[in-house]
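Line by line, the protein sequences are chains U and Y.
Going by the numbering used here, the first residue of the first sequence is number 1, and it counts up by one from there.
Going by the numbering used here, the first residue of the second sequence is number 1, and it counts up by one from there.
A virtual CB, placed ideally from N, CA and C, is assigned to each residue, including glycine.
Protein chains: 2
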Amino acid sequence: MGQAERRCARDLAAAPGGSVAVRGWVTAVQRKRDRVALTVRDHTGEVRCVSQDPAVLAALEPATPHSGVSLVGEVRPGRGEGVQLEIERVESMLPAADPLPLKGNSAAADRLDYRYFDLRDPERFAIFKIFSAVETAIRGYLAEQGFISIHAPRITGGGSESGAAVFQLPYFGETACLVQSIQFYAQMAIGAGFDRVFDIGPVFRAENSLTNRHATEFTCLHVEFAWMHSHEDLMALEEALIRHVLNEVADQHGEEIEELFGLRVNPFEAPIPRIPFARAIELVADDDEPRAQLTARDERALSKYVHAELGHDFVFVTDFPAEERPFYTMAADGEGADGLSETRSFDLLWRGVEITSGCQREHRSERLYDQARADLGDAALDQYLGKYYLDMFNYGCPPHGGFGIGLDRFLMLLLGQPSLQETSFVFRGPERFTP
Amino acid sequence: MGQAERRCARDLAAAPGGSVAVRGWVTAVQRKRDRVALTVRDHTGEVRCVSQDPAVLAALEPATPHSGVSLVGEVRPGRGEGVQLEIERVESMLPAADPLPLKGNSAAADRLDYRYFDLRDPERFAIFKIFSAVETAIRGYLAEQGFISIHAPRITGGGSESGAAVFQLPYFGETACLVQSIQFYAQMAIGAGFDRVFDIGPVFRAENSLTNRHATEFTCLHVEFAWMHSHEDLMALEEALIRHVLNEVADQHGEEIEELFGLRVNPFEAPIPRIPFARAIELVADDDEPRAQLTARDERALSKYVHAELGHDFVFVTDFPAEERPFYTMAADGEGADGLSETRSFDLLWRGVEITSGCQREHRSERLYDQARADLGDAALDQYLGKYYLDMFNYGCPPHGGFGIGLDRFLMLLLGQPSLQETSFVFRGPERFTP
Chain U
1 MGQAERRCAR
11 DLAAAPGGSV
21 AVRGWVTAVQ
31 RKRDRVALTV
41 RDHTGEVRCV
51 SQDPAVLAAL
61 EPATPHSGVS
71 LVGEVRPGRG
81 EGVQLEIERV
91 ESMLPAADPL
101 PLKGNSAAAD
111 RLDYRYFDLR
121 DPERFAIFKI
131 FSAVETAIRG
141 YLAEQGFISI
151 HAPRITGGGS
161 ESGAAVFQLP
171 YFGETACLVQ
181 SIQFYAQMAI
191 GAGFDRVFDI
201 GPVFRAENSL
211 TNRHATEFTC
221 LHVEFAWMHS
231 HEDLMALEEA
241 LIRHVLNEVA
251 DQHGEEIEEL
261 FGLRVNPFEA
271 PIPRIPFARA
281 IELVADDDEP
291 RAQLTARDER
301 ALSKYVHAEL
311 GHDFVFVTDF
321 PAEERPFYTM
331 AADGEGADGL
341 SETRSFDLLW
351 RGVEITSGCQ
361 REHRSERLYD
371 QARADLGDAA
381 LDQYLGKYYL
391 DMFNYGCPPH
401 GGFGIGLDRF
411 LMLLLGQPSL
421 QETSFVFRGP
431 ERFTP
Chain Y
1 MGQAERRCAR
11 DLAAAPGGSV
21 AVRGWVTAVQ
31 RKRDRVALTV
41 RDHTGEVRCV
51 SQDPAVLAAL
61 EPATPHSGVS
71 LVGEVRPGRG
81 EGVQLEIERV
91 ESMLPAADPL
101 PLKGNSAAAD
111 RLDYRYFDLR
121 DPERFAIFKI
131 FSAVETAIRG
141 YLAEQGFISI
151 HAPRITGGGS
161 ESGAAVFQLP
171 YFGETACLVQ
181 SIQFYAQMAI
191 GAGFDRVFDI
201 GPVFRAENSL
211 TNRHATEFTC
221 LHVEFAWMHS
231 HEDLMALEEA
241 LIRHVLNEVA
251 DQHGEEIEEL
261 FGLRVNPFEA
271 PIPRIPFARA
281 IELVADDDEP
291 RAQLTARDER
301 ALSKYVHAEL
311 GHDFVFVTDF
321 PAEERPFYTM
331 AADGEGADGL
341 SETRSFDLLW
351 RGVEITSGCQ
361 REHRSERLYD
371 QARADLGDAA
381 LDQYLGKYYL
391 DMFNYGCPPH
401 GGFGIGLDRF
411 LMLLLGQPSL
421 QETSFVFRGP
431 ERFTP
């Protein structure tokens, strides 16, 4: 007896006559003395499978919700407009133990412990199907724009400049770190003349944050390119990229997202508003304290303002003061109106949450050394940073810049999920490094 | 004065009249009293740029090999069949310090230290352009076959079962590990009903190996899918995948590879030979010692035999004895001719080097527990492995299997490179975690 051809639930109506196999797991069972009806779900949908054959009934005796099955049979008209499978034989019967590891109302920690089971929920699976579609759209767009994919290392000798938020690990008698960002490696590709690169992969933050927007490991898109003129070029690219991604997601998964998540994906037509930091503070500050960055509250208030006044879910905040931006950020020409020195930098907010930080990098060697010295002190320059980063700028490094997007966070906002625990395939936080 | 439109070296001949900008770095300078000629390289090729304008000559005074430049001018017929740029103004002049960090004959360690400079070699850049093309081809093929991309975590609580070759790191008062393989997470996706998944990203091996084929961190493709019937299905998929990748690479980069590396990419037509392990040993063993795995010498000898006798650069070695395969490997039905119990497993060799290990996984709960107990002992089952891996098989987990391909190694063989140091963007080995 040969293997029957598999047919997915979604494609079953199109099956010609002849035997096909339906493979997935049981979501519902109805038994009467002389018949059985199973609902079987696979990664594409559900199908009703029925039989009155005593051999089939016997073989399906152990079938309970979440049992795995492979059922061979004929596709027949079903009740209503659909089709159903008239089961002829049971190819696999993989029973589920009792009790199941999770119930509908299981605690969040249990859901993470039994993630393989938690993810059987079609809504949760859809998150990762759409995550994959988002990634494909990103890669397609960037390739079209002449970017190549690189794979920066995740173990690094640097990173300890910035202090506490770095995971360290013993490395053959020395101490290495896990990257918080692959920016320096993307810049190395630029210094080598790669021109336009991106990297999608894990980054690590040893931060003891328990907010819904933080994880100790997450998937980050990093984009870096050479020969740009200012941070405007970065924002133009990112805007076009996000527009493309939302269009692709709406085309491919718009209906499913509306059905499962009650949300419409709205690709935007209007340009994303650009608001300089100094103006943003005027718009949202609830006190007169001078400040050099936005709080989470500021970000929410600004997005609310932009949504109400300008009708946009996204907003670029630009020209942050140098005080709170890293040393490699290029300073703006001249000073800001408030006397703070401004930078060629930006954040992108979506629905009140920051999803990007980016800037033009300082590539002029002398200025970069000055800024590094002022920020980190002379000692830092003699060490790793000097040899493996700053030195690169002595050899004709072109003007360049880049930005990162946390993809788990992007998906959280895209699909209206309450936290990264839903959009990380296997979440990592300060209290969680299993399974 | 507005920004001139950039034109890459490759596309320069197609430039219409009007000013364009050539941006890259200088590879050669010729100066006479009243004229200058620079060769400028960008990521697409080289172009000769000339001027007799005294202002341009003055601005290009600091230009030496490896200086960055952006030159605006008119495209004119050059010597021979090419074109050259008649420089009108110097938009950027980014001098290279003297001396340069590397010379033509620099030691390997220096080349890794100054990787940003080492990679300016067009041959080395080509490796990563082709790496990106390989990745795009892999993703395209797998998406067409219904696979989605997942991002498994790289920090894990498991992995210590297998002993010494795992990096450990302090994790908020506990000890976590870096993944050696994301297989268990890919299987978790299968257990959750994701059906077909792949993951491309870093994996980590704390092995003190200094061979040309080993690294402590490398980029791995992992493929896992459900509802297969035996390891034959895995090999069929991998063969089709590699055929597709080689075809794409030959189409897009075949000429360039021939020119730079003196190699022809030969997409194969004939099926990859499958040779059972027991037969492979008969073919290549130089002694009668019983053995359960192939040595590096065996692998080279077998590839040599297959190339000579069967005319193929690839060979699948199948049905390895259970003794040396991990506990999760599905046993074959019946026993092998030599009395060793065989498994539904395979390796893929390419030009004498293993690039893949794969198998059908044991999904039948009782057998899997038995195999785990026999291999790892009862204690291992009570710990991480039992709760977060074995337990999954109690709930209707479908038949499935998978394989991994080390992509740095794949590129090494594809482009005839002497070691992974050439095909890892930034190499990591036991003596190397910088830059």
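For the ligand GDP, any of its heavy atoms closer than 8 Å to the Cβ of residue i?
i, result
"asparagine 247/U", "The ligand content of the structure shown is nil, which means the ligand GDP is not present either."
One question on the structure: do residue i and residue j come within less than 9 Å of each other, judged by their Cβ atoms?
i, j, result
"histidine 400/U", "glutamine 187/U", "yes"
"serine 303/U", "arginine 364/U", "no"
"alanine 28/U", "threonine 39/U", "yes"
"proline 435/U", "glycine 158/Y", "yes"
"arginine 213/U", "methionine 412/U", "yes"
"tyrosine 116/U", "alanine 192/Y", "yes"
"arginine 205/U", "threonine 219/U", "no"
"proline 101/U", "tyrosine 395/Y", "yes"
"valine 439/U", "phenylalanine 147/U", "There is no way to answer for residue 439/U, as the model of chain U reaches only from 1 to 435."
"threonine 329/Y", "glutamine 293/Y", "no"
"tyrosine 141/Y", "alanine 240/Y", "yes"
"serine 171/U", "isoleucine 155/U", "Checking the sequence, you will find tyrosine at residue 171/U rather than serine. Yes, these two residues count as a Cβ contact at 9 Å."
"arginine 344/U", "aspartate 319/U", "yes"
"tryptophan 286/U", "arginine 297/U", "Inspection of the sequence shows that residue 286/U is occupied by aspartate rather than by tryptophan. Yes, the Cβ-Cβ distance between aspartate 286/U and arginine 297/U is below 9 Å."
Excluding sequence positions up to five away, which residues of its chain have a Cβ less than 7 Å from the Cβ of residue i?
i, result
"serine 341/U", "Pro321, Ala322, Ala331, Glu335"
"aspartate 347/U", "Val317, Glu354, Thr356, Ser357"
"glutamate 161/Y", "Residue placement at glutamate 161/Y is poorly supported in this model, since its pLDDT is 48, which falls under 50; the coordinates still yield a value, given next. Leu376, Ala380, Leu385."
"phenylalanine 427/U", "Leu112, Ala215, Leu420, Gln421"
"proline 77/Y", "Val83"
"methionine 1/U", "Below a pLDDT of 50, predicted positions are generally treated as unreliable, and methionine 1/U, at 49, falls in that range; no measurement from the model is reported."
Report back the beta-carbon spacing between residue i and residue j to the nearest angstrom; my notes put them in contact at under 8 Å.
i, j, result
"valine 306/U", "valine 134/U", "The Cβ separation is near 23 Å, so there is no contact."
"alanine 270/U", "histidine 312/U", "6 Å"
"serine 19/Y", "glutamate 88/Y", "7 Å"
"phenylalanine 425/U", "valine 223/U", "Phenylalanine 425/U to valine 223/U, Cβ: 22 Å. No contact."
"isoleucine 130/U", "leucine 310/U", "Between leucine 310/U and isoleucine 130/U the Cβ distance is about 27 Å, and since that is not below 8 Å, they are no contact."
"arginine 139/Y", "arginine 139/U", "7 Å"
"leucine 260/U", "phenylalanine 314/U", "Not confirmed; about 23 Å, so no contact."
"cysteine 359/Y", "histidine 231/Y", "6 Å"
"proline 54/Y", "leucine 210/Y", "Rounded, the Cβ-Cβ distance is 56 Å, inconsistent with contact."
"tryptophan 25/U", "glycine 68/U", "5 Å"
"alanine 301/U", "valine 284/U", "4 Å"
"alanine 165/U", "glutamate 207/U", "5 Å"
Leaving out five residues on either side along the sequence, give the residues of the same chain with a beta carbon under 6 Å from the beta carbon of residue i.
i, result
"methionine 228/U", "Gly401"
"isoleucine 405/U", "Leu221, Ile355, Thr356"
"alanine 226/U", "Ile190, Asp195, Pro398, His400"
"serine 70/Y", "Ala21, Arg23, Glu91, Ser92"
"serine 51/Y", "Val36, Ile87"
"isoleucine 257/Y", "Leu263, Val265"
Excluding the five sequence neighbours on either side, which residues of its own chain have a C-beta within less than 8 Å of the C-beta of residue i, listed in chain order?
i, result
"leucine 12/U", "Val20, Val22, Val47, Val75, Val83, Leu85"
"histidine 151/U", "Asp199, Gly201"
"arginine 409/U", "Arg213, Phe218, Val353, Ile355, Leu420, Thr423"
"alanine 4/Y", "Ser19, Val20, Ala21, Val72, Glu91"
"threonine 175/Y", "Gln168, Leu169"
"proline 62/U", "Met93, Pro95"
Under 7 Å Cβ-Cβ, which residues of chain B neighbour residue i?
i, result
"leucine 210/U", "Note that chain B does not occur in the displayed structure, where the protein chains are U and Y."
Entirely enclosed alpha helix (DSSP H) segments - the region 114–148 of chain Y, minimum 4 residues: 115–118, 122–144
Short-range partners of chain U found in the region 289–309 of chain Y, where Cβ spacing is below 9 Å: none
Residues of the region 163–175 of chain U with Cβ closer than 9 Å to any Cβ of chain Y, in chain order: Phe167, Gln168, Leu169, Pro170, Tyr171, Phe172, Glu174
Complete runs of the beta strand (DSSP E) confined to the region 289–350 of chain Y [at least 3 residues]: 314–318, 345–350
Segments assigned alpha helix (DSSP H), at least 4 residues, entirely inside the region 50–101 of chain U: 54–59
Whole beta strand (DSSP E) elements within the region 358–427 of chain U, 3-residue minimum: 400–406
Unbroken stretches of the alpha helix (DSSP H), 4 residues or longer, contained in the region 158–206 of chain U: 183–191
Positions along the region 376–399 of chain Y whose CB lies within less than 8 Å of some CB in chain U: Tyr384, Lys387, Tyr388, Tyr389, Asp391, Met392, Asn394, Tyr395, Gly396, Cys397, Pro398, Pro399
Near-chain Y residues of the region 225–237 of chain U - C-beta to any C-beta below 8 Å: Ala226, Trp227, His229
Interfacial residues, the region 236–257 of chain U to chain Y, with Cβ spacing under 7 Å: none
Contact set between the region 94–111 of chain Y and chain U, restricted to residues whose Cβ is under 8 Å from the partner: Leu94, Pro95, Ala96, Ala97, Leu100, Pro101
Near-chain U residues of the region 9–27 of chain Y (beta-carbon distance less than 8 Å), N- to C-terminal order: Arg23, Gly24, Trp25, Val26
Positions along the region 108–137 of chain U whose CB lies within less than 7 Å of some CB in chain Y: Arg115, Tyr116, Phe117, Leu119, Arg120, Phe125, Phe128, Lys129, Ser132, Glu135, Thr136
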